[in-house]
Each structure stands twice: as C-alpha cells, then as structure tokens.
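Inspection log for the structure reproduced underneath, given as structure tokens.
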Amino acid sequence: LARGVREPDLTGRHVVVSAGGTREPLDPVRFLGNRSSGKQGYALARTAVARGARVTLIAANTALPDPAGADVVRVETALQLREAVLKAAADADAVVMAAAVADFRPASYATGKIKKKDDQEPEPLALVRNPDILAEISADRARPGQVIVGFAAETDDVLANGRRKLARKGCDLLVVNEVGERRTFGAEENEAVVLAADGGETPVPHGPKEALAETVWDLVAARLG
Ligand code: CTP
Ligand code: CA
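Listed below in structure tokens is the structure:
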C-alpha cells in the first residue's frame, strides 16, 4: 500500500466528498435513516488531503473523527445535503457522492411527538421523493471538466445494474459494490468495480477503504489531466 508516499497530484484542486447517511425526520424524536457509517467517505477525504487537495467533506450523521485538514460541513437530511453539495460544488474540480441519500422522506413533519392511541391502528406512513443530487449536479455541471463520481451498492446482476445506473445518473465514474449480509455497511474493508462513462472498468480487490479511495483519486486525477 503506497499510502503517504503518493505524488501530491491533487495540489491546487478543490474536491468535495459527501459521506454518511441522511436522516429524514418524522417528528422531533424520530427519523428514517440508513446504515451508512461514513467510513468510505472519510477515507476519500483523508486520502485527498494527503494528495494535496483542498477538501470539503459534507458529513451526514457520522460519528467519526474529523479528518485533519478537511473543511467539514455537517448536515442531517437529503435536502440539507443537496444545499451543501450545490454550494461546495460551485468551484470544485471533483465531487464524490459517497453518502447514502434517502430516496424518500416523510410527506409531513409532526412538530410534536407522534403519540399512539389505545384503540387505533397507526396511520400508514406517506412518503415523497427526495431530489437526486448526483443526477442534478451531473446534468448541470458547475464547471466544465468537473469530474463527478457516484457510489452504488447493488445485489444480483451487479455490473449490469451498475452500467444502467451510471448512464441514468450521467456521472463520470460509478463505484459499484456488491452488498449482502455483513458486507460494506460499517465494514472496514471493501471490494468494488469502478465503471467509467467512457467504458472503462477498474476492479478494486477486497481491501481497506483507503485503497479504494486511492483508486478513485487515481481515476479522477487522470481525468483532470
Ligand atoms: N444519490 C443522490 N441523491 C439521491 C439518491 C442517491 O445523490 N436522492 C447518489 C448517492 O450518493 C450515490 C448514487 O446516487 O452516489 C447512487 O445511489 P443509489 O441509491 O445506488 O441510486 P438510486 O438512483 O437511488 O437507485 P436505487 O433505486 O437502486 O436506490
Ligand atoms: Ca437509492
């Protein structure tokens, strides 16, 4: 592992990384959430700092130490994450969406705690769609040549699903993980294939999240030229 002895090939670059998982509140004490730990996003932020980049880390509900040298912006919901990403992406050379963004949020927010009633079944939970941040920033690039990277956790036909998702999102690179029992979420290690819009396919063997992060930055740096 060549960590720490890399060329500072991101010097002078501003990169934005989103990490963690959004929480969509139902009432003051409850939310809909997901199991993303933020470890992969933090590894991306740390390795980008080591390679000389100015790093904005947009952290959604993580419980990890701030990476030294990164600007950390904390958010909770998908809508807050969208605002923070759009703002930071305005002058960014690359944006990596490692965060797990909730696809849906509760249609309404109860300002007081939702109480159960003795003789009544609960109301069904109404949800509305959240905006697709990755698709939005890819369709409307803040800067020409900005490199945009998405992450996808897939089951079943992992590569075919990944190819379709890459095309649908319009980003430059998509890191595809195969998920299953005890894989990826909260784990220290990762295994993935990075698909490129130009047809490239880079397998990343099972290993630490830093190694996958370094491969992502190698591919980003090559595209920044
Ligand atoms: N993403 C996003 N905004 C959303 C949902 C996802 O920016 N509202 C980003 C994620 O950060 C990730 C990528 O899109 O980088 C892929 O997320 P994924 O959940 O796999 O994609 P979806 O389009 O939501 O597809 P699925 O129906 O499989 O969940
Ligand atoms: Ca999703």
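Last residue of the sequence shown: 400 in full-length UniProt numbering, with the numbers rising by one and none dropped. Note that the Cβ used here is the ideal one computed from N, Cα and C, for glycine as well.
Heavy atom of ligand 1 within 6 Å of residue i beta-carbon
i, result
"D294", "no"
"G325", "yes"
"N236", "no"
"A194", "no"
"D307", "yes"
"A274", "yes"
Closer than 7 Å to chain B by CB, residue i
i, result
"P319", "Looking at the structure shown, chain B is missing, and only one protein chain is on hand."
Rounded distance between the beta-carbons of residue j and residue i, thought under 8 Å
i, j, result
"A267", "V350", "Between V350 and A267 the Cβ distance is about 18 Å, and since that is not below 8 Å, they are no contact."
"A194", "G216", "2 Å"
"A245", "V224", "6 Å"
"N236", "R198", "5 Å"
"V324", "V395", "7 Å"
"V250", "L232", "V250 to L232, Cβ: 11 Å. No contact."
"D278", "R304", "7 Å"
"G213", "A234", "6 Å"
Same chain, Cβ closer than 6 Å to residue i, neighbours up to 5 away in sequence not counted
i, result
"N365", "K384, L387"
"residue 403", "No information on residue 403 is available, as it lies outside the stretch 176 to 400 that the chain covers here."
"N209", "G196, A275"
"D347", "V322, I323, A372"
"D241", "V247"
"A263", "V191, T231"
beta-carbon residue i near ligand 2 non-hydrogen atom, thresh 6 Å
i, result
"D202", "no"
"S278", "Per the sequence presented here, residue 278 reads as Asp, with Ser not at that position. Yes; taking the cut-off as 6 Å, the Cβ of D278 has a heavy atom of ligand 2 nearer than that."
Own chain partners of residue i with C-beta closer than 7 Å, once the 5 adjacent residues on each side are dropped
i, result
"T186", "G227"
"A273", "V192, S193, A194, Q215, G216, L219, F326"
"H381", "E364, E366"
Cβ-based neighbour list, residue i, same chain, cut-off 8 Å, excluding 5 preceding and 5 following
i, result
"Y284", "P200, L201, D202"
"residue 408", "With the chain running from 176 to 400 in the structure shown, residue 408 is simply not present."
### Query
Looking at C-beta atoms only, is the number of pairs between the stretch 278-293 and the stretch 338-350 that lie closer than 8 Å three or more?
no
### Query
Counting Cβ pairs, one atom from each stretch, are 3 or more of them under 8 Å apart for the stretch 240-257 and the stretch 298-316?
yes
### Task
May I have a chain-ordered list of the alpha helix (DSSP H) segments no shorter than 4 residues that lie completely inside the stretch 190-277?
214-225, 253-264
### Message
Please give me, in chain order, every unbroken run of the alpha helix (DSSP H) with length at least 4 that falls completely inside the stretch 280-335.
### Response
308-314
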